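Position 386 of the sequence shown, counting from 1, maps to 386 under full-length UniProt numbering, and the rest follow consecutively.
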Amino acid sequence: MHGKTMLVPFLAILFSLVAHVLSFTHPGLLVTTEDVSRAKKHIDAKQDPWYSSWEKLAASKYSSSTYQPNPSKTIDRPSNGELMWRDAAAAFNLALQWKISGDTAFADASGKILLAWAETFQGFDGGDDRYLSAGLQGYQFANTAELLRDYEPFAKADLSTVGTFLTSQFLAVNEFFLDHKAPSEHNHKHFFANWELSNIASMMAIAVVTENTTAWDYAINYFKNGSGNGAINNAIVYIVDEPGTGRPLGQGQESGRDQGHSALNQQVLAVIGQQAWNQGEDLFSYNDSRILRGAEYFARYNLGNDVPFVEYTNGIVTHTEVSSASRGATRPTWELLYHHYVGVKKLDAPWTKAYLNKTLEEYGGFELGSGAMGEGSGRFDGLGWGSLLYRVDDSDAVKSPSASETPALTTTSSSSAAPTSSSTLLEGVTSATPVSSTLSSTVDTTPIPTPTSTTSRHTPTARPCSRKRKRSHRI
Numbered sequence: 001m002h003g004k005t006m007l008v009p010f011l012a013i014l015f016s017l018v019a020h021v022l023s024f025t026h027p028g029l030l031v032t033t034e035d036v037s038r039a040k041k042h043i044d045a046k047q048d049p050w051y052s053s054w055e056k057l058a059a060s061k062y063s064s065s066t067y068q069p070n071p072s073k074t075i076d077r078p079s080n081g082e083l084m085w086r087d088a089a090a091a092f093n094l095a096l097q098w099k100i101s102g103d104t105a106f107a108d109a110s111g112k113i114l115l116a117w118a119e120t121f122q123g124f125d126g127g128d129d130r131y132l133s134a135g136l137q138g139y140q141f142a143n144t145a146e147l148l149r150d151y152e153p154f155a156k157a158d159l160s161t162v163g164t165f166l167t168s169q170f171l172a173v174n175e176f177f178l179d180h181k182a183p184s185e186h187n188h189k190h191f192f193a194n195w196e197l198s199n200i201a202s203m204m205a206i207a208v209v210t211e212n213t214t215a216w217d218y219a220i221n222y223f224k225n226g227s228g229n230g231a232i233n234n235a236i237v238y239i240v241d242e243p244g245t246g247r248p249l250g251q252g253q254e255s256g257r258d259q260g261h262s263a264l265n266q267q268v269l270a271v272i273g274q275q276a277w278n279q280g281e282d283l284f285s286y287n288d289s290r291i292l293r294g295a296e297y298f299a300r301y302n303l304g305n306d307v308p309f310v311e312y313t314n315g316i317v318t319h320t321e322v323s324s325a326s327r328g329a330t331r332p333t334w335e336l337l338y339h340h341y342v343g344v345k346k347l348d349a350p351w352t353k354a355y356l357n358k359t360l361e362e363y364g365g366f367e368l369g370s371g372a373m374g375e376g377s378g379r380f381d382g383l384g385w386g387s388l389l390y391r392v393d394d395s396d397a398v399k400s401p402s403a404s405e406t407p408a409l410t411t412t413s414s415s416s417a418a419p420t421s422s423s424t425l426l427e428g429v430t431s432a433t434p435v436s437s438t439l440s441s442t443v444d445t446t447p448i449p450t451p452t453s454t455t456s457r458h459t460p461t462a463r464p465c466s467r468k469r470k471r472s473h474r475i
């Protein structure tokens, strides 16, 4: 298996599945035309947080048009995985700069990275870590290719080559892993949720780039119905009641392991949700907005509060309590989650809002992105730049979702145990230190309107917002 391509015939596996998508929207992964236009408008006006985020992106060494790729014939994640994740970050940063600025030097540099890997890489080596690389860097490379598909020189000369590279070297590995053909110590639940979630994200992204409806259907079906820990009902394994409010919270599959990996789960769940949303598939609302339930559980605990915990075992490990290891872990995820659930869906997400404010304080007022957060694998697991891509204000002309487009979230009452969900900024909840169990002075008791439809299909649109941003850039 070392250094060799694994090709698996999808049609033989998927012929019985009902199709979820008949055609694809481009660009339609993590970044859409609306996202780019909105960011450009605010950058041109030198408005923050967009402008400062843009300057940070441009200042990264992984964003220079003179960046040189460093492809390898094989990747063994523990020994040379940084070669791939650094180049994946640079490729995306460069493509994003081209989309916003129009400077073709960035597009050329980005395409050069993709083509270098497509012409050099022969396969993953090493042990099970290959599946992490195939998942994380798979969706990242695919997101870059999706941005470049309307750059004519790349589309004419290189898109087909890059598509073959993504299909043979990443998609085949994604399917092999999600189809539980990878050997494990006992069973496929040996692998923690972030492994399968990453491979689902990669399969979705490559499916869009290569217009592979079969692979797309596989990924969506697995997310909803799979037996491994990447399926949403296993990734967010238990729904528990929040103390004091009874609001449903979602205990994550890795909550008893540590908070660093739990944060990665939130990050990749957001990627999966956004990629699906931009193709008209609403996974954010699936199973009573289970992604949001997990985000609220994670954020509440990592802001210093207690959460209920149900003992969990996967046959390999048993967790009897929520883990405090890496408590307060921060990844660039929360702009996307907040602005979907609150900005688009108009739902109550008080702990998600509070955690976004925490991360904005830590990052300096805006979310960072890959290549701007230091070195180490965890700094490159997500592409980021959420403030640049997903922040909206009242000047952004957007279409509010109709009732037929917005699935319902179970109505819950406000309580002193939850942070404010009003339009005023959350003050004093900016670190992972314990906060008071009663925050009655900051609670907004106005019920949050809840949509009533349960449809999971929608027409992709830009994201609405209902409040102006202050100079602190906190929500």
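Cβ atoms here follow ideal geometry from the backbone N, Cα and C, with glycine treated the same way.
A quick note: this is a predicted structure, and the numbers were derived from the prediction, not measured.
Proximity test, residue i beta-carbon vs the ligand ADP heavy atom, cut-off 7 Å
i      : result
THR213 : Among the components of this structure there are no ligands whatsoever, and the ligand ADP is therefore not found.
Among the options, nearest to residue i - alpha-carbon criterion
i      : options                           : result
PRO248 : LEU388, VAL307, HIS190 and MET204 : VAL307
ALA142 : PHE298, TYR338, GLY280 and LEU30  : LEU30
VAL237 : ALA219, SER262 and LEU336         : SER262
LEU94  : ILE75, LEU57 and THR164           : LEU57
SER52  : GLY365, ARG130 and GLY371         : GLY365
LEU83  : SER377, VAL392 and TRP54          : SER377
LEU303 : HIS190, LYS353 and VAL317         : LYS353
LEU147 : TRP351, ARG327, GLY28 and ASP348  : GLY28
LEU269 : TYR139, ASP48, LEU159 and VAL36   : TYR139
VAL162 : ASN80, GLU119, GLU361 and TYR286  : GLU119
LYS112 : TYR67, VAL208 and HIS26           : TYR67
ILE291 : PHE177, THR318 and GLN251         : GLN251
VAL240 : LEU96, ALA295 and VAL208          : ALA295
ASP396 : THR33, GLU375 and HIS42           : HIS42
SER101 : LEU114, TRP54 and ALA134          : TRP54
ALA193 : ASN229, ASN174, ILE206 and PRO183 : ASN229
In DSSP terms, what residue i is bridged to
i           : result
GLN251      : TYR238
THR74       : GLY123
residue 476 : For the chain, the structure presents residues 1 to 475; residue 476 sits outside this window and is missing.
THR313      : THR318
C-alpha gap between residue i and residue j, whole angstroms
i           : j      : result
ASN233      : SER65  : 43 Å
LEU368      : ASP288 : 30 Å
VAL322      : GLN266 : 16 Å
SER168      : ASP179 : 16 Å
LEU166      : ALA88  : 13 Å
ALA157      : ALA107 : 13 Å
LYS61       : THR320 : 43 Å
VAL271      : ALA219 : 13 Å
TYR301      : TYR338 : 17 Å
SER400      : THR330 : Here SER400 scores only 39 on pLDDT, less than 50, and its place in the model should not be relied on; the value that follows carries that caveat. SER400 and THR330: Cα-Cα distance of roughly 30 Å.
ALA325      : GLN259 : 6 Å
GLN274      : PHE284 : 8 Å
ASN212      : THR245 : 44 Å
PHE77       : GLU242 : Here residue 77 is Arg; the residue named in the question, Phe, does not match the sequence. Distance between the alpha carbons of ARG77 and GLU242 is about 39 Å.
TYR312      : SER255 : 9 Å
SER414      : PHE154 : Because SER414 carries a pLDDT of 33, less than 50, the predicted location of this residue cannot be relied on, and no value is offered for it.
SER370      : PRO332 : 9 Å
ILE475      : LEU356 : 7 Å
residue 485 : LYS40  : Since the first and last residues shown for the chain are 1 and 475, residue 485 lies out of range.
ALA59       : VAL392 : 23 Å
Per-residue DSSP class, three states only, for residue i
i      : result
HIS26  : coil
HIS319 : strand
THR213 : helix
TYR151 : coil
TYR67  : coil
GLN267 : helix
PHE359 : Sequence check: residue 359 is Thr here, not Phe. Helix.
LEU347 : coil
LYS224 : helix
ALA325 : coil
SER202 : helix
PHE92  : helix
THR144 : helix
PHE106 : helix
VAL208 : helix
ALA182 : coil
GLU405 : With a pLDDT of only 38 at GLU405, under the threshold of 50, the placement of this residue in the model should not be trusted; the figure read from the coordinates follows. Coil, per DSSP.
Opening and closing residue of the alpha helix (DSSP H) in which residue i lies
i      : result
VAL162 : 159–166
TRP385 : Counting along the chain, TRP385 falls outside any alpha helix (DSSP H), and DSSP gives it neither H nor E.
HIS340 : HIS340 -> no alpha helix (DSSP H), and no H or E assigned at all.
VAL173 : 172–178
LEU292 : 286–302
HIS42  : 33–44
SER395 : Where SER395 is concerned, there is no enclosing alpha helix (DSSP H), given that its DSSP letter is neither H nor E.
SER52  : 50–59
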